[in-house]
Amino acid sequence: MPRLSSRLVAGVAAAMVGGWLGVGQAAAQQNVVWWDYSGGGDGVRLKALLARFNEENAGRIAITNTTLEWGTPYSSKIQTSAAIGTASDIALYHLARSSTGVSTGVLTEITDTELASVGLSKDDFDPAQVAAASVDGKLYAIPFDLHPVVVYHNAERLCAAGLLGEDGRTAGMDGKEAFSAALQTLVDNGARCGVTTATADGGTLWRIYYSIFSQTGGSFFEDGKFLPGDNFQKAVDAAEVLRGLIDSGLMPAQTEYVTSIALFTSGAFAMHINGLWELPTMVDLQRKGHLFEFGAMLIPDVFGNGHAHWCDGTSFVIPANAGNPMTPEKRKAVLEVIAWFVRHSLDWADAGYILPCRQVADQVQHLEPQSFYGIFPELVAAAHFDPQTPLAGPAYPIYDAVGDFILPAVNGEMDTVAAFTALRDRLQALQDALK
Amino acid sequence: MTRRRDMAVAFILLLPFLAIYGVAFVYPTIDMVVLSLRKAPLIGAGEWAGLDNYVRLAGDRLFRIATRNTLWFVALTAPASTVLALLLAMGVARLRGWLQAAVLACFFLPFMLPVSVVYLIWHWILDTHFGIAQPIVAAVAGRSVSIFRTVSTFMPGVAFVTVWATVGFSVLLFLAGLRSIPQETSEAARLDGAGRIALFRHVTWPLIWPVTALVLTIQLISHLKVFDIVYLFNLRGRVDETMSLVQYVFRLAFQQNDGGYAATVAVAILVLVAVLSVLQFQLLRSRGQ
Amino acid sequence: MPQVEFEKVGKSFGALAVMRELSFRIEDGEFAVLVGPSGCGKSTLLRMLAGLEEITAGEIRIAGRAVNDLPAKDRDIAMVFQSYALYPHMRVVENMGFSLRLRRAPKAAIAERVGAAARTLGLDRLLERYPRELSGGQRQRVAMGRALVRSPSVFLFDEPLSNLDAKLRVQMRTELRHLHQKLGATTIYVTHDQVEAMTMADRIVMMRDGAIEQVGRPLEIYDRPANHFVAGFIGSPAMNVLPGRIRAGADPAVALDGGGVLPLGHVPSLAPGRAVAVGIRPEHLRPDPDGPLLAEVEVIEPTGAETDLSCRCGGQPLMVALRDRGSYRPGQTLRLAPHAGPVHLFDAETSARLTHPESMIQEYDDDRHETRNG
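Chains A, B and C supply the protein sequences, listed in that same order. Using the numbering used here, the first residue of the first sequence is number 3, and each one after it goes up by one. Using the numbering used here, the first residue of the second sequence is number 144, and each one after it goes up by one. Using the numbering used here, the first residue of the third sequence is number 373, and each one after it goes up by one.
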């Protein structure tokens, strides 16, 4: 331990003296293996950042990156390779997956001292982020961005229906009845439907559903139990809200992800619920002149308990390679890489993400379009992360259960109470089996 | 002496295959059976569980659904695909030159497409809102139907897409079979007084029977193991009600980290495929005689 | 009435005409052989008659009825294929009875006719076997049996013996001929083997390049080949052809380009100096100290019955077939004369026959035959 500390002190000193003059130069170049799952537009931005890092740190640290398939294949790959000691040195990881990662022994803890060694601290991040990245009070992931669910709206249609205030913010949509009435007004003013979302896509539906559920103030998973006590009724109530929208024709049933976006961008639908990561799609369309004036807002407060919505974040983790522990030099380099990326997350945030770190978030005023960044603090404040269980996360059992139970319930193919009873029993059985 | 040398050479030539076969197939298969007797995660030894997993299998509703779905899928694809392939092959066989090559390529092209592309194509064609085939669906059903999110239409839909995507390969097999029937045999039958139907019934069909048996067997085995296309279409949907057996294994092993029970289901699939294949083979052989 | 008539029959694939204006007839009960080198169109012609190939010009008539648009199954024709084309999944009895079964003949009638045909062909004991359990000769018989059972108006054979070994081929040749004499059915037989044509045919149709070169009785074609090509094709060893010119003077003779003067027994009305090709069959040459041809022996091929000498005469190859065994040796020089048969004269350019040495050949009094110069 004393040895490690002295090395850390040396590391901090090196960082202060400055890159190429420091100890790092004396040591051999560190090759850092990096895995990510960013194959789309954000992947381009990420690769640009990687290239920049390698250029700036030439001779000291070299990152070799591999982009893998998102979802289960990615998680399985990290899990199975960590088990035999061949996982990467750094991996991009969903914040919501942290507890699974810890339970399967894939992640290593990142201490406060280590954070400090590269000039970061837990206070740089929102408490909700830190909570999502921690298990039993220990930090296992360093946030890189946040991506909550928002409502995109067609400003022209909202204006025509008198639902947009002078300040550019929506008005009169909070409350279950008010929201339905607002949607009805939009339909009366010529929209084909009030709002679209990917009702045929279990993953998206989970995010929308969990947003509404979070507004009930309920707890989906608590003390090892799924939907304990009156949380069950709250879960049913939340589903009934979505089912009501579909039943009354204000939201189309069984709509695929891409379709739900296209229905909105075609202009026929007034609003669209989706992740903030679709912001670049909208912005790009608008820049090309293919899109109407649009805005983004928080999901309306349906139950009057305040805003709440689903949120996840990209984070960095350091896989625990069984039988192949990382040298202190390598670990230091890895932490440096992470810190560098956190500080440069502005470019990454261009892909529609919220900046993870206050140090960086202060600079957002320079960004376009400003109106969206105006709601960022509220978005962060109302963020609800996936339940803290290894069953959570993209392509994991909770998502599957959504497809099997919430999807048919919301789309009117299954009784809501029966669906949630089956969902609770399924997840509880899986949870109990984990022990 | 020569005999012994022959044996030695045979052994040396076969060794790489045997080694790979042993390491990549025999050993994992044995290990899978052993794993099915344990309560174990995907990675790691776990603990001995005896026949617990098999007892669980007997009462597992999802296993029953997955089995039913898989058999339903096979029933929807294999016979339809075989009949369609034979009809197409007989059509293609009548064409000549570049036209034949072009038509054949049309049928074979979908087979060369990655399954993910096939999925995207049909997912879009049948999209509830924008799908160009939805007017046809609406004409039949009276309204737009989300084919892949409605449990009753899911398997027929996926079966249709599968037949579309794989029929080209069977057409090729049938075409090879039809070409192996000497032209003179058909001509002899025509001179013997056979019209088109009699020619097919008495000459073409009996002579193409071995190919038919092959096509059916290939499809039975490959479709019993169906995974990718079903997985893609029910992804983020009602997986419970629509999944196939192999998908269930995938879910248990990779999503629920339940290696022992996943191995148990895999053993059940192995037994099912083996039993059905042998049954079908015997059945087809007896009919062929 | 002729049983089969071809009138200006043609065949073309798109713009490519492979057969033009073929006309000939085959009488009822006749055994006709279509012979020619491979690719001459004889099989195509047969298949056109059978209804397996489209007729693109002219008309084919069977028993006076045009069959151009009649499907194969309605032409009442049976065909034996070179490959036999047996149904591999049917036993012999089923193969033979197939046509009757298709016609929904009563079972007893089928059994009776198949039985009769099997007895004729000696297939009685093989009826329950599958084709794969038979030898080549047996399969050939089954193919014939299948044709026989139907008693069709015309039998077609497409090189039926070419897949058999030499000994069996000779035997089957005789049997086929015998069968024809017994049944008296009109038969058209395609072969590339001139021996089969000569030995089996009532009438030979000699073809080349989609055209008919000559139609006639076998010996007529042997004795009076219509042209160079026919002369070379019919007869074995092939006829010798030597270039020369008609000599001016009183005695009709040809001055050979390779040296020597060949007197002709007949005065051709040909201008002196005209270029001709002289045809002499090898079996018609005899050694003669005064003979006009001087040849050097190169190779000696004794066959037992005769001795074939492969010689060279004035730079040209010359075959001589002698009945005696003699004592010849390579390098020996011989004088030869055409003693045993006629000398044929062909036009050097068109290769058409120029003379009809009537005095030296056997006469035919059959007015039905005709000779065409192709």
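Every residue, glycine too, gets a C-beta built ideally from N, C-alpha and C.
- For the stretch 255-289 of chain A, the set of positions with a beta-carbon nearer than 7 Å to some beta-carbon of chain B reads Q256, T257, E258, T261, A264, L265 in chain order.
- For the stretch 183-209 of chain A, the beta-carbon criterion of a distance under 7 Å to any beta-carbon of chain B is satisfied by A202, D203, G204, G205.
- Apart from sequence neighbours up to five positions away, the residues of its chain that approach L337 of chain A with a beta-carbon distance below 7 Å are E116, S119, V120, ordered along the chain.
- Around the beta carbon of E531 of chain C, 16 or more other beta carbons lie within 10 angstroms, which makes this residue buried.
- Runs of the alpha helix (DSSP H) lying entirely within the stretch 267-327 of chain A, each at least 4 residues long, are 281-289 in chain order.
- Legend: CB atoms of the stretch 392-406 of chain A lying less than 9 Å from CB atoms of chain B belong to residues P392, L393, A397, Y398, P399, Y401, D402, A403, V404, G405, D406.
- For a cut-off of 8 Å, the C-beta gap from L293 of chain A to H311 of chain A is around 23 Å, too long to register as a contact.
- Separation of R245 of chain A and S182 of chain A (C-alpha to C-alpha, rounded to the nearest whole angstrom) is 12 Å.
- Residues of the stretch 372-388 of chain B with a C-beta atom less than 9 Å from some C-beta of chain A are N377, L378, R379, G380, R381, V382, D383, E384, listed in chain order.
- Scanning its chain for C-beta atoms nearer than 8 Å, with the 5 sequence neighbours on each side dropped, one finds around L188 of chain A the residues R159, L160, A163, L165, G196, A272, M273, in chain order.
- By the C-beta density criterion, D383 of chain B is buried, having at least 16 other C-beta atoms within 10 angstroms.
- Of the residues C:A477, C:S410, C:E592, C:D400, the one whose Cα lies closest to the Cα of G582 of chain C is C:S410.
- Judged by pairs of C-beta atoms under 8 Å, the stretch 621-634 of chain C touches the stretch 652-670 of chain C, as three or more such pairs exist.
- Residue pairing by DSSP puts C195 of chain A in a beta bridge opposite A:F271.
- Close CB contacts of T355 of chain B within its chain, under the 6 Å cut and outside five residues either way in sequence, are absent.
- Taking a C-beta cut-off of 8 Å against chain C, the contacting residues of the stretch 336-347 of chain B are G336, A337, G338, A341, H345, V346, listed in chain order.
- The shortest C-alpha to C-alpha distance from A435 of chain C to any of C:Q375, C:T428, C:G408 is the one to C:Q375.
- Short of 6 Å from the beta carbon of Y374 of chain B, and not among the five residues preceding or following it, lie these beta carbons of its own chain, in chain order: Q390.
- Taking the beta carbon of A98 of chain A as reference, no residue of chain B falls within 7 Å; the closest one sits roughly 15 Å away.
- Remark: C-beta atoms of S262 of chain A and T199 of chain A approach each other more closely than 9 Å.
- Sequence-distant Cβ neighbours of R491 of chain C in its own chain, meaning closer than 6 Å and more than five residues away, do not exist here.
- Here the alpha carbon of W208 of chain A sits roughly 15 Å from the alpha carbon of D239 of chain A.
- DSSP, read as helix, strand or coil, puts G382 of chain C in strand.
- Within chain A, T261, A264 have C-beta atoms less than 8 Å from the C-beta of F273 of chain B, given in sequence order.
- Every beta strand (DSSP E) stretch that sits fully inside the stretch 504-533 of chain C and reaches 3 residues is listed by chain position as 526-530.
- Rounded to whole angstroms, the gap between the alpha carbons of D680 of chain C and S384 of chain C is 43 Å.
- Under the 9 Å criterion on CB atoms, F396 of chain C is classed as non-interfacial with respect to chain B.
- F127 of chain A sits in coil when the DSSP states are folded into three classes, being neither helix nor strand.
- From the beta-carbon of H461 of chain C, the residues of chain B found nearer than 7 Å are P349, L350.
- For G107 of chain A, no alpha helix (DSSP H) segment is defined, and its DSSP state is neither H nor E.
- Annotated as proximal: L180 of chain B and G193 of chain B, with beta-carbon spacing under 9 Å.
- Distance between G413 of chain C and P659 of chain C, taken at the CA atoms: about 41 Å.
- At a cut-off of 9 Å between beta carbons, R394 of chain B contacts chain A.
- With contact defined as three or more Cβ pairs closer than 8 Å, the stretch 65-72 of chain A and the stretch 42-57 of chain A are in contact.
- Of all residues in the stretch 282-297 of chain B, the ones placed with a Cβ closer than 7 Å to any Cβ belonging to chain A are S289, R292, in chain order.
- Contacts with chain A at 9 Å (Cβ-Cβ) include P184 of chain B.
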